[in-house]
Every structure is written in C-alpha cells, then in structure tokens.
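*Asks:* Each residue of the sequence shown is one higher than the one before, counting from 1 in full-length UniProt numbering.
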Amino acid sequence: MRTLPLVIIAFLLMSFTIKDKGFLIKGITKNISEGEMIYLKVLNPETNNFDAIDSVRLKNNSFEFKGNTTYPTYALLELSENVTELVVLENGIINFQYDYNDDLSTSAIGTKNNNELNAFHNNIKRVQKEANAYRDTNQDILTQAIKDNDREVLERLSKEFKVYVKDINDIITNQLTQHSNSFTSSVILFQRIDNKNIDTNEAKLYYNQLADNIKQSNIGIAIKNLLDNSAANTLVKIGDKALDISGKDPNGEVISLYDNLGKVTIIHFWAPWCPACHETLPTIKSIYEKYHDKGLNIFSIALDDNKEEWIESIQKEGLNWLHIYNLYEIQLQYGVKNIPTVFVLDENGTVIDINHLEVDFDQLLTKYLGK
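(1) Does DSSP put Leu89 in a helix, in a strand, or in coil?
(2) Put Ser300 into one of helix, strand or coil per three-state DSSP.
(3) Per DSSP, Arg57 forms a beta bridge with which residues?
(4) Using 8 Å as the threshold, is the segment 282 to 290 in touch with the segment 247 to 264, meaning 3 or more CB pairs across them?
(5) Would you mind listing the beta strand (DSSP E) stretches within the UniProt domain "Thioredoxin" (236 to 371) that are 3+ residues and don't spill past its ends, in chain order?
(6) Which value, in whole angstroms, describes the spacing of the CA atoms of Ile245 and Trp310?
(7) Determine, using beta-carbon pairs with one atom in the segment 195 to 215 and one in the segment 168 to 181, whether at least three such pairs fall under 8 Å.
(8) By how many angstroms is the C-alpha of Val153 removed from the C-alpha of Gly239?
(9) From Pro340 to Leu227, what does the alpha carbon distance come to, in whole angstroms?
(10) Span of the alpha helix (DSSP H) holding residue 397?
(11) I need the DSSP call for Thr84, collapsed to helix, strand or coil.
(12) Which residue comes first and which comes last in the beta strand (DSSP E) that contains Glu64?
(13) For Lys204, count neighbouring Cβ atoms within 10 angstroms of its own Cβ and tell me buried if that reaches 16, exposed if not.
(14) Looking only at its own chain, which residues have a Cβ that is under 8 Å from the Cβ of Ser80, when we skip the five neighbours before and after it?
(15) Taking Cβ positions, are Leu281 and Ser300 nearer each other than 8 Å?
(16) Taking the beta carbon of Val342 as the centre, do at least 16 other beta carbons fall within 10 Å, making it buried, or is it exposed?
(17) Check this for me: beta carbons of Leu40 and Asp54, under 8 Å apart or not?
(18) Which whole-angstrom value is the C-beta distance of Phe23 and Ile94, which I expect to be below 8 Å?
(19) Going along the chain, which residues of its own chain have a beta-carbon closer than 6 Å to the beta-carbon of Leu243, five neighbours each way excluded?
(20) Run through DSSP, which three-state label would Gln175 get?
(21) Under three-state DSSP, which class holds Tyr100?
(22) Looking at the secondary structure, which residues open and close the beta strand (DSSP E) in which Thr70 lies?
(23) Compute the Euclidean distance between the alpha carbons of Asn138 and Glu130, then round it to the nearest angstrom.
(24) Go ahead and pull the three-state DSSP assignment for Ser185.
(25) Would you check if the segment 110 to 118 and the segment 83 to 93 touch, i.e. whether three or more CB-CB distances between them fall below 8 Å?
(26) Alpha carbon to alpha carbon, how far is Thr200 from Ile330?
(27) Is the beta carbon of Ala145 sitting closer than 8 Å to the one on Phe190?
(28) Does the distance from the CB of Ile255 to the CB of Ile193 come in under 8 Å?
(29) Roughly how many whole angstroms lie between the Cα atoms of Lys30 and Gly67?
(30) Which partner residues of Asn31 appear in the DSSP bridge assignment?
(31) Measure the alpha-carbon distance for Ile207 versus Leu257 and round it to whole angstroms.
(32) Determine the direct distance from the alpha carbon of Lys237 to that of residue 373, and round the result to whole angstroms.
(33) Note the first and the last residue of the continuous alpha helix (DSSP H) segment covering Ile214.
(34) Confirm, please, whether the CB-CB distance from Pro250 to Ile352 is below 8 Å.
(35) For Arg57, which residues from the same chain have a beta carbon less than 8 Å from its beta carbon, with the 5 sequence-adjacent residues on both sides left out?
(36) Expressed to the nearest angstrom, what Euclidean distance is found between the alpha-carbon atoms of Phe96 and Asn122?
Next comes the structure, spelled out in structure tokens:
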C-alpha cells in the first residue's frame with residue numbers, strides 16, 4: 001500500500017471551513033513554558049510513526065487546532081520535548097487539559113470517542129493512584145525487607161501489589177471483551193500488538209470485532225498491517241516448495257505430507273490447549289467437508305506433548321483428516337510463531353497462501369478445485 005504524501009494527509013485533516021462541522025481542539029495547560037511549540041501529530045499506518053500535520057505556539061496557557069476528518073483518527077499532542085498525550089481526532093469540540101506537574105490529571109473530552117478513551121484512562125489512573133499510595137506507604141518496609149532478605153515480608157508485599165496489577169489487567173481485558181468494537185479498544189489493541197504483548201491470533205479475533213469505520217481509520221489500517229505482517233514472519237514463504245513432514249498419526253502409523261498431497265493441501269499448525277485454535281476449528285471443518293471430495297487434503301500438526309489430550313480433541317471435535325503431533329522441530333523449520341497457522345499448497349507442494357484461518361477460503365479454493 002502506498003503512503004499518502006504528508007501534505008495530502010494534512011490537507012484532508014485540516015480543510016476546515018465555517019460551513020463544515022470539523023474538529024476544534026481547545027487546549028488548556030499548566031506549567032508549560034509560554035511560547036512553547038505545540039504539535040498535532042497523526043499516526044502514519046505505514047510506518048507506525050506520528051507525523052506532524054500542524055503546529056501552534058502556546059499563548060496564555062492555551063492553544064487551538066482546527067480541522068476536518070472523515071474517520072476518527074489516532075493522534076497525539078506534543079506539548080514539549082518528550083511530553084506527548086493521545087487524542088482522537090473526530091469532528092466536534094475537544095477540550096484538552098494538561099498539567100506538567102500532575103500528568104494523571106490529563107483529560108481530552110467533548111466527543112464520543114474521546115469521552116470513552118478518557119473514561120478508560122481514568123479507570124487505569126484510579127488504580128495507578130492506589131498502587132502509588134501503597135508503594136509510598138510501604139517503601140520503608142520494602143527497603144528494610146530487602147536489606148534483611150526477609151522473604152516472608154517480600155512475598156507478602158509482592159502478593160499485595162499484584163492485586164493492583166491484576167486490577168489494571170482486568171480493566172484492559174474488560175474493555176477488549178465487552179467493548180470490542182470501540183475506538184478505545186483499537187488503541188489498546190494497537191499498543192499491545194506494537195509492543196508484542198498479545199498473541200497474534202488473539203489480536204486477530206479482537207480486530208475482526210472492530211467497527212467498520214475504525215477499521216478504515218489510520219489505527220485500523222495500522223493494526224491490519226501489523227497482523228498481515230505476522231504471516232510474513234514464517235521461514236517458508238509463498239512461492240516456496242513446502243518442506244516434507246512426517247510423523248506418527250493417532251494409530252501410531254508413520255505418515256508423510258508428500259505421500260498425501262491433494263489437488264490442494266492445507267498444513268494446519270494447532271494445539272488442543274490453544275483457545276484461538278478451537279475458535280477456528282469450525283472454519284477448517286467446514287472447509288474440509290465442502291472441498292475434500294473435490295481434492296482437498298488437510299495435514300494437521302499438533303504442537304503438544306500430551307498424546308491423550310490430542311487424540312481426545314480429534315475424536316471429540318470430529319477432525320476426520322490426517323494428524324501428527326509433537327513436532328516442534330517442524331514448527332521451527334517452517335518458522336511458525338503463532339497458532340493456528342495454515343500453509344496452503346498446490347498439487348505440487350508449492351505454497352500458495354499462508355494465513356491464520358481468518359480469511360474466506362472459498363475464492364482461493366474454488367480457483368484450484370472449482371465450485
């Protein structure tokens with residue numbers, strides 16, 4: 001995908017007129033130097049960098065930005081060197097407040113997505129304040145326990161502090177699961193993917209639940225690009241000849257990939273303990289039932305040490321195709337970092353697609369197998 005020239009991005013966002021209802025950011029600051037340059041930056045989904053689209057000098061502790069945007073846009077305000085705060089660019093009046101000496105008081109409110117993001121941040125800040133108060137209250141006790149190597153006290157303090165960590169994680173999880181189609185969830189999702197703090201397949205499930213206008217925004221495109229790039233992280237690429245694979249099936253018989261190639265063959269990396277794998281089993285079962293008689297074979301590789309659990313899952317789920325298990329060396333040879341991952345092969349064993357079972361297979365399979 002081509003990157004829009006920065007001047008075009010700026011034009012699209014800043015073409016504000018009296019007639020159009022655009023956005024107006026009204027900023028109030030404390031303890032920021034008079035005349036400081038304030039920058040409005042937006043996320044470039046191709047580079048994951050924030051590019052400046054406008055700037056203004058701080059005057060009488062206030063500033064304003066005006067513009068117009070079609071989709072909610074992930075942006076930030078750079079208030080001084082190394083001081084940035086997130087804001088959602090969307091049409092309406094956005095009231096922004098910031099105190100350099102109290103960054104927990106920061107707020108951006110006035111529009112739907114900013115109100116929701118601000119409420120989420122306030123929940124996080126509430127727990128952070130409680131955690132900070134706990135830390136300050138127990139700092140001397142912690143210091144003495146470290147000095148005395150008092151394991152009992154250290155374990156108690158650690159256990160008590162983990163309650164705050166759990167509370168924050170619960171707030172994040174609740175946001176992603178209960179409000180999965182919101183812009184706030186897209187912000188969390190982008191940050192966790194970018195920081196590699198979430199499994200790719202779990203991230204795909206959350207991405208698929210985002211509202212369409214968010215998917216078309218800069219942060220939605222950025223998330224999609226990050227997820228698409230995960231398929232490119234395999235060692236075996238599209239166009240490569242698939243490496244042969246062999247192992248024992250549930251009956252203890254040795255079977256190999258190249259002895260079981262169909263007109264199209266799907267190599268399916270999964271595991272019985274993997275929630276995302278179970279989420280996608282109906283998809284791969286449907287594919288097999290629809291296309292097996294037309295020449296589709298599936299060769300599943302379970303990354304699991306528990307043979308009994310593996311066999312039980314196959315029988316319980318009705319996975320009536322070829323299976324081998326416990327082949328972590330194959331996972332390494334193929335460069336599979338997330339499961340489920342599938343490699344789609346043509347009749348010669350050439351890789352024609354790599355994905356995580358999140359796509360519509362009909363178009364691809366009908367090309368090789370017919371309708």
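Beta carbons: idealized from backbone N, C-alpha and C, even for Gly.
*Replies:* The answer reads as follows:
(1) Translated into positions along the sequence shown, residue 89 becomes position 89. Residue state, collapsed to three classes: strand.
(2) Locating residue 300 in the sequence shown gives position 300, where the first residue counts as 1. Three-state result, Ser300: strand.
(3) Walking along the sequence shown from the start, residue 57 turns up at place 57. Beta-bridge pairing links Arg57 to Met37.
(4) Contact fails: fewer than three Cβ-Cβ distances are below 8 Å.
(5) 246 to 248, 254 to 256, 264 to 270, 296 to 302, 322 to 325, 341 to 346 and 351 to 355
(6) If you number the sequence shown from 1, residue 245 lands on position 245. If you number the sequence shown from 1, residue 310 lands on position 310. The alpha-carbon atoms of Ile245 and Trp310 are separated by roughly 18 Å.
(7) Segments in contact, yes.
(8) Taking the first residue of the sequence shown as position 1, residue 239 is located at position 239. Taking the first residue of the sequence shown as position 1, residue 153 is located at position 153. Computed Cα separation, rounded: 59 Å.
(9) Numbered from its first residue, the sequence shown carries residue 340 at position 340. Numbered from its first residue, the sequence shown carries residue 227 at position 227. Cα to Cα, the separation comes out at about 13 Å.
(10) Because the chain is modelled from 1 through 371, residue 397 falls outside the range shown and cannot be assessed.
(11) For the purposes of this step, residue 84 is taken as residue 84 along the sequence shown, with counting starting at 1. Reduced to three states, the DSSP call for Thr84 is strand.
(12) Locating residue 64 in the sequence shown gives position 64, where the first residue counts as 1. Per DSSP, Glu64 belongs to the beta strand (DSSP E) from Ser62 to Gly67.
(13) Translated into the one-based positions of the sequence shown, residue 204 becomes position 204. Lys204 comes out buried.
(14) Within the sequence shown, residue 80 is the residue found at index 80, counting from 1. Cβ within range, chain order: Ile32, Ser33, Glu36 and Tyr100.
(15) The residue you call residue 281 lines up with position 281 of the sequence shown. The residue you call residue 300 lines up with position 300 of the sequence shown. Result no, Cβ atoms of Leu281 and Ser300 do not sit closer than 8 Å.
(16) In the sequence shown, counting from the first residue as 1, residue 342 sits at position 342. The residue is buried, with at least 16 neighbouring Cβ atoms inside 10 Å.
(17) By one-based count along the sequence shown, residue 40 stands at place 40. By one-based count along the sequence shown, residue 54 stands at place 54. A Cβ-Cβ contact shorter than 8 Å links Leu40 with Asp54.
(18) Indexing the sequence shown from 1 puts residue 23 at position 23. Indexing the sequence shown from 1 puts residue 94 at position 94. With 8 Å as the limit, Phe23 and Ile94 qualify as a contact, their Cβ atoms being about 6 Å apart.
(19) Position 243 of the sequence shown, counted from the start, is the residue given in the question as residue 243. Only Gln333 meet the Cβ criterion.
(20) As a position in the sequence shown, residue 175 is number 175, starting the count at 1. Correct three-state label for Gln175: helix.
(21) Here the question's residue 100 lines up with position 100 in the sequence shown. Coil at Tyr100, not helix or strand.
(22) Looking up residue 70 in the sequence shown gives position 70. Careful: Thr70 lies outside any beta strand (DSSP E) and carries neither H nor E.
(23) On the sequence shown, residue 138 is found 138 positions in, with the first residue counted as 1. On the sequence shown, residue 130 is found 130 positions in, with the first residue counted as 1. Computed Cα separation, rounded: 12 Å.
(24) If you number the sequence shown from 1, residue 185 lands on position 185. Of the three classes helix, strand and coil, the one that applies to Ser185 here is helix, per DSSP.
(25) yes
(26) For the purposes of this step, residue 200 is taken as the residue at position 200 of the sequence shown. For the purposes of this step, residue 330 is taken as the residue at position 330 of the sequence shown. One alpha carbon belongs to Thr200, the other to Ile330, and they sit about 20 Å apart.
(27) Locating residue 145 in the sequence shown gives position 145, counting from the first residue. Locating residue 190 in the sequence shown gives position 190, counting from the first residue. Cβ atoms of Ala145 and Phe190: not closer than 8 Å.
(28) Walking along the sequence shown from the start, residue 255 turns up at place 255. Walking along the sequence shown from the start, residue 193 turns up at place 193. Cβ atoms of Ile255 and Ile193: not closer than 8 Å.
(29) Mapped onto the sequence shown, residue 30 falls at position 30. Mapped onto the sequence shown, residue 67 falls at position 67. Cα-Cα distance, rounded: 24 Å.
(30) Translated into the one-based positions of the sequence shown, residue 31 becomes position 31. Asn31 is not bridged to any residue.
(31) Translated into the one-based positions of the sequence shown, residue 207 becomes position 207. Translated into the one-based positions of the sequence shown, residue 257 becomes position 257. Per the sequence shown, residue 207 should be read as Tyr rather than Ile. Each residue's Cα considered, the two are about 33 Å apart.
(32) The chain is shown only over 1 to 371; residue 373 falls outside these bounds and no answer can be derived.
(33) One-based indexing of the sequence shown puts residue 214 at position 214. Unbroken alpha helix (DSSP H) run through Ile214: Asp212 to Lys215.
(34) The residue given as residue 352 occupies position 352 in the sequence shown. The residue given as residue 250 occupies position 250 in the sequence shown. Not a contact, by the Cβ cut-off of 8 Å.
(35) Stepping through the sequence shown from its first residue, residue 57 is reached at position 57. So the list reads Gly35, Glu36, Met37, Ile38 and Phe63, once near-sequence residues are dropped.
(36) Here residue 96 refers to the residue found at position 96 of the sequence shown. Here residue 122 refers to the residue found at position 122 of the sequence shown. Roughly 14 Å separates the two Cα atoms.
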